[in-house]
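Residue numbers (my numbering): 638 to 831.
All C-beta atoms in this analysis are idealised placements derived from N, C-alpha and C, irrespective of residue type, glycine included.
Heads up, the thing below is written out as structure tokens.
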Amino acid sequence: MTEKYPRPPVTAVLSVADMRRSDAYTIAHFTDARTLMARAGQGIFDACTWHGRVAVVCGSGNNAGDGYVLAALLASAGVDTHIIILEEKFSPDGAYYFARARACGVPVSLWQAGGDLSGYDFVVDCIFGTGFHGEVRGIAADAIRAINASGAFVVSADINSGMNGDTGTGFCVLSDRTVSVGCLKYGHLLGMAQ
Numbered sequence: 638m639t640e641k642y643p644r645p646p647v648t649a650v651l652s653v654a655d656m657r658r659s660d661a662y663t664i665a666h667f668t669d670a671r672t673l674m675a676r677a678g679q680g681i682f683d684a685c686t687w688h689g690r691v692a693v694v695c696g697s698g699n700n701a702g703d704g705y706v707l708a709a710l711l712a713s714a715g716v717d718t719h720i721i722i723l724e725e726k727f728s729p730d731g732a733y734y735f736a737r738a739r740a741c742g743v744p745v746s747l748w749q750a751g752g753d754l755s756g757y758d759f760v761v762d763c764i765f766g767t768g769f770h771g772e773v774r775g776i777a778a779d780a781i782r783a784i785n786a787s788g789a790f791v792v793s794a795d796i797n798s799g800m801n802g803d804t805g806t807g808f809c810v811l812s813d814r815t816v817s818v819g820c821l822k823y824g825h826l827l828g829m830a831q
């Protein structure tokens with residue numbers, strides 16, 4: 638039977654807890670975490686037409702791993718890419734893709750307080766993922782302020798770093814584009830971030 642008024646496509650929107658359960662189920666039954674990370678990085682790569690100089694600013698968790706995948710893809714495509722890490726700490730899968738990015742010749746530097754990102758055409762935010770909650774402090778807050786002041790086209794991986802994935806609130810990266818991984822989270826749609 639043909640519907641007189643076809644229904645619009647439905648987009649899944651999940652809470653952070655539901656997304657975490659979905660990821661765990663997928664990893665346990667279908668696809669390993671390293672492959673999911675590679676797919677996330679590829680999705681971010683495919684979401685933009687990259688050019689000029691790109692800074693990929695990374696924290697220490699799996700969100701950073703998405704950034705390392707992206708950095709390797711950008712370098713392989715001939716894009717001038719630089720990884721900036723907030724600390725020398727990596728998740729196991731993130732460490733694997735960090736090594737891959739380094740093997741592709743991507744330079745890496747450690748974030749210095751008061752750093753300036755104004756010389757980049759794109760800045761990619763891979764500091765915190767959807768699991769972040771609380772208040773952004775210290776070196777991460779400094780990096781977020783610098784990203785927001787960069788004047789570059791800002792891309793956030795999965796969610797804007799500092800934003801609460803359920804409420805949309807918090808001091809966070811103000812991106813030009815956020816590439817959601819898996820499903821949208823409530824926070825993406827609430828527009829409450831400062």
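Endpoints, the alpha helix (DSSP H) within which residue i is located
{"i": "phenylalanine 663", "result": "This sequence places threonine at residue 663; phenylalanine is not what is there. Looking at the DSSP string, the run of the alpha helix (DSSP H) that includes threonine 663 is 653 to 666."}
{"i": "glycine 828", "result": "No alpha helix (DSSP H) contains glycine 828, which DSSP labels as neither H nor E."}
Closest by C-alpha distance to residue i, when choosing among the options
{"i": "histidine 688", "options": "Ser812, Phe790 and Tyr705", "result": "Phe790"}
{"i": "threonine 672", "options": "Leu723, Asp730 and Gly698", "result": "Asp730"}
{"i": "phenylalanine 808", "options": "Ala777, Asp655 and Ser697", "result": "Ala777"}
{"i": "glycine 696", "options": "His825, Ser798 and Val818", "result": "Ser798"}
{"i": "isoleucine 722", "options": "Phe735, Val716, Ser659 and Ala714", "result": "Phe735"}
{"i": "glycine 788", "options": "Gly805, Gly819 and Val810", "result": "Val810"}
Rounded distance between the beta-carbons of residue j and residue i, thought under 8 Å
{"i": "phenylalanine 682", "j": "leucine 710", "result": "4 Å"}
{"i": "aspartate 833", "j": "valine 650", "result": "The structure shown does not extend to residue 833, since the chain is modelled only from 638 to 831, so the question has no answer here."}
{"i": "aspartate 758", "j": "valine 816", "result": "About 17 Å; that fails the 8 Å criterion."}
{"i": "isoleucine 664", "j": "valine 693", "result": "Contact doesn't hold; Cβ gap of about 24 Å is too wide."}
{"i": "valine 760", "j": "isoleucine 784", "result": "5 Å"}
{"i": "aspartate 779", "j": "glycine 751", "result": "7 Å"}
Ordered list of beta strand (DSSP E) runs contained in the region 671 to 748, each at least 3 residues: Restricted to the region 671 to 748, the beta strand (DSSP E) segments that are unbroken, complete and at least 3 residues in length are 690 to 695, 717 to 722 and 745 to 747, listed in chain order.
Start-end ranges of the alpha helix (DSSP H) lying completely within the region 745 to 814, minimum 4 residues: If one requires a minimum length of 4 residues, the alpha helix (DSSP H) runs lying completely within the region 745 to 814 are 775 to 785, in chain order.
The region 671 to 686 contacting the region 778 to 798, beta-carbon criterion three pairs below 8 Å: yes
Cβ contact check for the region 756 to 765 and the region 686 to 706: 3 or more pairs under 8 Å: yes
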